[in-house]
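S.K.: When you line the sequence shown up against our numbering, it's residues 416 to 794, in that order. Beta carbons: idealized from backbone N, C-alpha and C, even for Gly. Below is one structure. I have some questions about it.
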Amino acid sequence: MKIGIVCYPTFGGSGVVATELGMSLAARGHEIHFITYSQPVRLELLHKNIHFHEVFVPEYPLFHYQPYELALSSKLVDMVKMHGIELLHVHYAIPHAYAGYMAKKMLEEEGIKLPMVTTLHGTDITLVGNHPFYKPAVAFSINKSDIVTSVSESLKQDTYTHFDIKQEIYVVPNFIDFSRHEIATHAKGRLRMADENERIVTHISNFRKVKRIPDVIKVFYRIQKKVPSKLIMVGEGPEKENAEQLCEDLGIAEKVLFVGNSNEVDKILGYSDLFILPSETESFGLAALEAMASGTPVISSNTGGIPEVNEQGFSGFLSDVGDCDEMASNGIHILENDETLSRFKEQALEQAGKFAIEKIVTIYENLYQKAFDKVCPQS
Ligand code: GMT
């Protein structure tokens, strides 16, 4: 099938999921067209079935806000006509489902039918999309999609709670492509990050408020008092500066490494002994799954879709949002003893195995067929 994928090209989970899915579909023989404003960060373009089309928004002084949705929907129309794209898969409702629907209607005028699958990722529903300024447009574009998927059962329920949705929502969890996921454990690289006797604790996110970055630091502060360790903070975002200050204030600045956005996430996770994800809300928690896929146990909050990913007492532990004491004592329990740590590492890897990409891509392929049959029943 010729599939157009629309996503955010940045380090966020929705873009990563869309990119990895596209690459896997291409490996299965589908022709994949990524349509977005810059090349997705994890996209490996060197494949005959992978194409990237940049959406360019010309700056025009009359516009206070440059109209990305307009440029995207026009680009979608052009690309569908030029490449014979048969189906659109949009990741993140705002504004992708909205622009996708406009493209669909424009193409309809020319006798071209374009099925559209929309995947909801979380913040498009629970945070941004729920704002009264966006809500009617988000509900409209979800209801107008031919197939709607969400990345967890929890997000599906949130969507029904927050919006008036008449559509069936299919839960298709996020996944790990183990063939691409490098498990790096060699001691040499590890020693560049920490001393031999130290454990490595990691956090990866976009450092927004919802990630509760101060909790990461507070949990680590308690852990390092009991277990010699270093904290590696991966990512960039608005809370980073405060986090650096908090480390100074707590006197642990030399034990915390802020490494910014990284293309070596697999390596960092491979060296890690513990991953901390204390988020306020999280539809899935892809970063936690990626950690587990590297054999890194997870200390997380028990919010949203995280309990569908991190299994209590097996791949790690879950606590109420903000319960830094419990998170720290669970972390210490895992890290204190070599045997416990290696048991949790094995279990984390085993848990991640439940999310292997192969099964999930097949689910998406079946849903594409369903959308196609719905929109083009006679072909
Ligand atoms: O977490 C973020 O702030 C980024 C956001 C995104 O759209 O990339 O992540 C959301 O989608 C990810 C991929 O499906 C999920 O793993 C994250 O849990 C979800 N974030 C939230 O719900 C806060």
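By the 10 Å Cβ neighbour count, where 16 or more other Cβ atoms means buried, how is T541 classified, buried or exposed?
M.R.: Translated into positions along the sequence shown, residue 541 becomes position 126. Buried, by the Cβ-count rule.
S.K.: Take N818 and list the residues in its own chain whose beta-carbon comes closer than 7 Å to its own, dropping the five residues that flank it on each side.
M.R.: No answer is possible for residue 818: the residues shown for the chain start at 416 and end at 794.
S.K.: Using a Cβ-Cβ cut-off of 7 Å (strictly less than) and excluding sequence neighbours within five positions of A767, which residues of its own chain qualify?
M.R.: Your numbering for residue 767 matches position 352 in the sequence shown. Taken in chain order, the residues that qualify are I591, L704, M707 and A708.
S.K.: Helix, strand or coil for K633, going by three-state DSSP, please let me know.
M.R.: The residue you call residue 633 lines up with position 218 of the sequence shown. The three-state reading of DSSP puts K633 in helix, counting H, G and I together.
S.K.: Beta strand (DSSP E) containing T711: first to last residue?
M.R.: For the purposes of this step, residue 711 is taken as the residue at position 296 of the sequence shown. Careful: T711 lies outside any beta strand (DSSP E) and carries neither H nor E.
S.K.: Under a Cβ-count criterion, where at least 16 other Cβ atoms within 10 Å of its own Cβ denotes burial, should G728 be classed as buried or exposed?
M.R.: One-based indexing of the sequence shown puts residue 728 at position 313. Exposed.
S.K.: Rounded to the nearest angstrom, what separates I647 and A668 at their Cα positions?
M.R.: On the sequence shown, residue 647 is found 232 positions in, with the first residue counted as 1. On the sequence shown, residue 668 is found 253 positions in, with the first residue counted as 1. Using only the alpha carbons, I get a separation of about 11 Å.
S.K.: Output the residue ranges of the alpha helix (DSSP H) runs that lie fully inside the segment 491 to 553 and measure 4 residues or longer, sorted by chain position.
M.R.: 513 to 524 and 538 to 541
S.K.: Can we count G427 as close to the ligand GMT, meaning its CB is less than 6 Å from some heavy atom?
M.R.: To locate residue 427, count along the sequence shown from 1; it is residue 12. G427 Cβ: within cutoff of the ligand GMT.
S.K.: Does any heavy atom of the ligand GMT sit closer than 6 Å to the C-beta of T538?
M.R.: Taking the first residue of the sequence shown as position 1, residue 538 is located at position 123. Checking every heavy atom of the ligand GMT against the Cβ of T538, one is found closer than 6 Å.
S.K.: Does the Cβ of C791 have 16 or more other Cβ atoms within 10 Å, making it buried, or fewer, making it exposed?
M.R.: If you number the sequence shown from 1, residue 791 lands on position 376. The residue in question, C791, is exposed, as its Cβ has fewer than 16 Cβ neighbours within 10 Å.
S.K.: Excluding the 5 residues preceding and the 5 following Y452 in the sequence, name in chain order all residues of the same chain whose CB lies nearer than 6 Å to its CB.
M.R.: As a working mapping, residue 452 is identified with position 37 in the sequence shown. Result list for Y452: V470, in chain order.
S.K.: If you measure from the CB of V625, is any heavy atom of the ligand GMT nearer than 6 Å?
M.R.: For this step, residue 625 is matched to residue 210 along the sequence shown. True, at least one ligand heavy atom lies under 6 Å from that Cβ.
S.K.: If you measure between the beta carbons of F690 and T711, is that distance less than 7 Å?
M.R.: Sequence index remark: in the sequence shown, residue 690 carries index 275 (1-based). Sequence index remark: in the sequence shown, residue 711 carries index 296 (1-based). Closer than 7 Å, so yes.
S.K.: Under the three-state reduction of DSSP, which class applies to Y585: helix, strand or coil?
M.R.: Position 170 of the sequence shown holds residue 585. Y585 falls in the strand class under three-state DSSP.
S.K.: Going straight from the alpha carbon of K655 to that of I447, what length do you get?
M.R.: Position 240 of the sequence shown, counting from 1, holds the residue named residue 655. Position 32 of the sequence shown, counting from 1, holds the residue named residue 447. If I take the Cα positions, the gap works out to 36 Å.
S.K.: Could you tell me if the beta carbon of F699 falls within a distance shorter than 6 Å of some heavy atom in the ligand GMT?
M.R.: As a working note, residue 699 is residue 284 in the sequence shown. Flag set: Cβ of F699 near the ligand GMT.
S.K.: Mark P547 as exposed unless 16 or more other C-beta atoms lie within 10 angstroms of its C-beta, in which case mark it buried.
M.R.: Taking the first residue of the sequence shown as 1, we reach residue 547 at position 132. The residue in question, P547, is exposed, as its Cβ has fewer than 16 Cβ neighbours within 10 Å.
S.K.: Considering only DSSP beta bridges, list what R614 is partnered with.
M.R.: Against the sequence shown, residue 614 aligns to sequence position 199. According to DSSP, R614 bridges with S644.
S.K.: Residues bridged to E469 by DSSP?
M.R.: As a first step, residue 469 must be located in the sequence shown, where it is residue number 54. When beta bridges are read from the DSSP output, E469 appears opposite T451.
S.K.: Could you please give the first and the last residue of the uninterrupted beta strand (DSSP E) stretch that includes V674?
M.R.: Residue 674 sits at position 259 when you count from the first residue of the sequence shown. V671 to G675 is the span of the beta strand (DSSP E), which, as asked, contains V674.
S.K.: Please name the residue in M608, E525, F759 and L701 whose C-alpha comes closest to that of V432.
M.R.: Along the sequence shown, one-based indexing puts residue 432 at 17. Among M608, E525, F759 and L701, the Cα nearest to that of V432 is on L701.
S.K.: Taking the straight line between their C-alpha atoms, what separation do you get for G675 and G650?
M.R.: For this step, residue 675 is matched to residue 260 along the sequence shown. For this step, residue 650 is matched to residue 235 along the sequence shown. Distance between the alpha carbons of G675 and G650 is about 4 Å.
S.K.: In this structure, how does DSSP classify Q639 when only helix, strand and coil are distinguished?
M.R.: By 1-based counting over the sequence shown, the position of residue 639 is 224. If DSSP states are grouped into helix, strand and coil, Q639 belongs with the helices.
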